[in-house]
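Novice:
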């Protein structure tokens, strides 16, 4: 089925583009949600105006969210986790946990579906992409460290944020060791 996109659809295309999609996807998702219309000759006549209007709206949204993207690029998140000797986590750090920490750290409410890809399953420092718009994808620094150990930082940028958070996380382990 050929459809004309009325709005930007993630991983499909931008508004004003004509795409060939599976019949079920078009009939059950795109058409009922008013994301697309059938690519008839009448609809194709307005494709260029749709494309121009969508480009203007997309650039305005990107300009509006650029401040948010800059704020997110400076965020450093720490996740203390239990891990084996090889550095593999016993659990994982999921996009839901990362989205919750972003909200806690910066006050920005990010949907978990827009955060990263695969769950983090080992110790280390990771750059996790956060999709704000189709064109605007800043990365958040996520540091997964072993519970009770001090955080080891590799980059110079997060070094300023580490002293404020690292002692608070390692203090309970030191108190527990002193009490024993």
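Numbering (the working numbering), first residue to last: 17 to 196.
For each residue, glycine too, the CB sits at the ideal point set by N, CA and C.
Predicted, not measured: the structure shown is a model, and the values here were computed from it.
1. Compare the C-alpha of residue 96 against each of 166, 142 and 146 and name the closest.
2. State buried or exposed for residue 146, treating a residue as buried only when at least 16 other CB atoms are found within 10 Å of its CB.
3. Can you tell me whether DSSP reads residue 27 as helix, strand or coil?
4. May I ask which residues mark the beginning and end of the alpha helix (DSSP H) holding residue 77?
5. Can you tell me which of 124, 107 and 19 puts its alpha carbon nearest to the alpha carbon of residue 115?
6. Helix, strand or coil, according to DSSP, for residue 98 in the structure here?
7. By alpha-carbon positions, which one of 50, 37 and 126 ends up nearest to residue 5?
Specialist: Working from what's here:
1. 166
2. buried
3. coil
4. 63-89
5. 124
6. coil
7. This structure cannot settle anything about residue 5, because the visible part of the chain is limited to 17 through 196.
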